[in-house]
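In our numbering, the protein residues as written are 101 to 717.
Ideal Cβ placement from N, Cα and C applies to all residues, glycine included.
These numbers were taken from a predicted model, which means no experiment stands behind them.
What follows is a set of notes on a single structure, which appears directly below.
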Ligand code: BES
Ligand code: ZN
């Protein structure tokens, strides 16, 4: 009976759509979104043809963005634009009227284009300006090889609108083709099907057939090379880095296999990583088919490759199933940290996974402490209306999101958890989900089905971490804590117990110095273990943080800190150190370094550090 009814309804639907073969119509499926001017329920873009010229002399990208659109009967279509110089807009080949609305400091301007009901394509001719926030133009000195300039983009969360006029909402997915003209001694790569060699004329044609939200459109241009790891994985880097990068990431295919075994087929065909110059503001960015990564993870011993597992995991959580709004950011990052740690466990075992989870737990506790006066910011589901999406990009989404899923896993058991997550990714593939739809899906497909009760709403809508949070245990870290305590009590350290420590154990050791550690003790540790000269960027970072906080100046650490901050632009590292200067009441020293380092940073990093140090240009 029920089946017959569904059949009848769908027949009617087929018939009515046959009567009006015009075009697929938009249903009112898009939710209100605070960080885009687009009105996708009225008119929406579905495909982009980008044709641009990249000028390294003037630092300008210029060209045309042509969109296929679906119009729901509207007389205008609204895109997002910020600091773009728009000269002409055409609708189906004919010039049309457009307006740029008032400038909002966060969001930019609504670009309103007059269209007809029948309009199929709009074409926007434009140029980027010096105020573009997505692009970082680097001179040769700022690269690894120091011979050629470099350019990369960073789209997440709402920066793509500063280099392409676009409906810049995570809810709106498009496919794209691009033709990019660059100087012929450089190679261009995108979050798309990519070249493996330079072309003679500097013209590159790209195709991205899987639909993606605007924040995942990405471009990098430099004197780079490619080296394949397997049929579908490989690395791009500058010449002087390529072999190191290849070695560091040689487990990539194994990671993809482990991920597929957990949550289903990798749907993007190719998984490559490009290692960028050190000013890249993130550890990694999950641009589809081509993750962008910081060179600070090239440690020589594969110790920091959980970053690759993380960005790979986004191929499911984030890129395949995308957060509907930036208020649902935890759906992207919390799930990704959970998945990352599962991949790391599959490759390297439980102990390594638990160390990562415990580092995250300590990050979370520190974040909770720093947000104690704004408890609403410690909820998984955020309300960022009127604020920058960046305000929600902290350890809450990542590590509290992780803890929620780990606690859930411990409650329901791994088998059920994995079946549930696999079905969640399959059901929502190439689309968007929000927190509320996730809760409904969880209730129906995991909890009610198995007669399990869980305090989901408390986890998601209440501040802080609920009492039932999973307890994470690492024997390795317990032993590190004991050795540290013995050192503090007796000033002796038995190096036979530390000589097989992994960088994660060293990080745990350094991060957990007591607040009143003595300068002589820091000196003793530095003389014994050579922290100031560490070649592992993570250990360096936490050691420099402790040095700043505790006023330790031995073994030339001050010049090392200055050198580090002048070359590395990874926001997490940089802000940790500037925060330490502030906390230690040494803000003037921080500012002196910042003045010379700032020109090396991407806007993502300068925005954060300017606010932190109260810096006005
Ligand atoms: N997607 C994020 C980076 C991001 C977040 C960019 C928000 C812009 C806005 C990426 O996947 C990420 O989480 N990177 C981390 C890696 C780490 C958690 C392994 C980073 O950059 O530190
Ligand atoms: Zn991430």
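- DSSP assignment within the segment 349-435 yields the following whole alpha helix (DSSP H) runs of 4 residues or more, N-terminal first: 352-363, 406-413.
- Distance from the C-beta of residue 404 to the nearest heavy atom of the ligand BES is not below 6 angstroms.
- Pairing residue 626 with residue 635 gives a Cβ-Cβ distance that is not under 7 angstroms.
- Annotation for residue 511: 552, 554 place their beta carbon closer than 7 angstroms to its own, counting only its chain and skipping 5 residues before and after.
- The alpha-carbon of residue 516 is positioned some 20 angstroms away from that of residue 444.
- Residue 191 sits close to residue 222, with the two beta carbons spaced by under 7 angstroms.
- Measuring C-alpha to C-alpha distances from residue 172 to each of 187, 159, 142, 158 identifies 142 as the nearest.
- Counting only the Cα atoms, residue 461 lies some 14 angstroms from residue 567.
- The DSSP-derived three-state label of residue 641 is helix.
- Collapsing the DSSP output to three states places residue 220 in coil.
- Its chain contains 161, 228, 232, 234, 235, 253 as the residues whose beta carbon lies nearer than 7 angstroms to that of residue 263, once the 5 sequence neighbours on both sides are disregarded; these appear in chain order.
- Of all alpha-carbon atoms in 644, 423, 500, 491, the one lying nearest the alpha-carbon of residue 133 is that of 423.
- In the structure shown, the three-state DSSP call for residue 249 is coil.
- For residue 715, there is no enclosing alpha helix (DSSP H), as DSSP marks it with neither H nor E.
- According to DSSP, residue 237 shares a beta bridge with 251.
- Counting C-beta pairs closer than 8 angstroms gives three or more between the segment 432-440 and the segment 405-418, which meets the contact rule.
- Excluding sequence positions up to five before and after residue 282, its CB lies within less than 6 angstroms of the CB of 154, 288, 302, 321, all in the same chain and listed in chain order.
- Collapsing the DSSP output to three states places residue 544 in a helix.
- Using a Cβ-Cβ distance cut-off of 8 angstroms, the segment 365-378 and the segment 263-282 are not in contact, since fewer than three pairs of beta carbons, one from each stretch, lie closer than that value.
- Counting only runs of 4+ residues, the alpha helix (DSSP H) found wholly inside the segment 567-613 occupies 575-590, 595-598, 603-611, in chain order.
- In this structure residue 496 is in contact with residue 467, their Cβ atoms being roughly 6 angstroms apart against a cut-off of 8 angstroms.
- Per DSSP, residue 664 is one residue of the alpha helix (DSSP H) stretching across 657-667.
- Within the DSSP bridge table, the entry for residue 149 names 166, 277 as partners.
- Looking at the DSSP output, residue 160 sits in a beta bridge with 155.
- Residue range 176-181 is occupied by the beta strand (DSSP E) that includes residue 177.
- In this structure, residue 712 lies away from residue 691, with their beta-carbon atoms at least 7 angstroms apart.
- Pairing residue 393 with residue 337, the inter-Cα distance amounts to about 10 angstroms.
- For residue 624, the enclosing alpha helix (DSSP H) covers residues 619-629.
- Pairing residue 384 with residue 399, the inter-Cα distance amounts to about 15 angstroms.
- DSSP lists 213 as the bridge partner or partners of residue 198.
- Per DSSP, residue 690 is one residue of the alpha helix (DSSP H) stretching across 687-697.
- The beta carbon of residue 437 sits closer than 6 angstroms to the beta carbons of 498, 502 from its chain, once the five residues preceding and following it are set aside; these are given in chain order.
- The segment 672-680 and the segment 639-647 touch, with three or more beta-carbon pairs separated by less than 8 angstroms.
- With 16 or more neighbouring CB atoms inside 10 Å of its own CB, residue 629 falls in the buried class.
- Cβ neighbours of residue 481 within its own chain (closer than 8 angstroms, five residues either side excluded): 427, 428, 430, 535, 560, 561.
- Secondary structure note for residue 306: its beta strand (DSSP E) is the uninterrupted segment 303-313.
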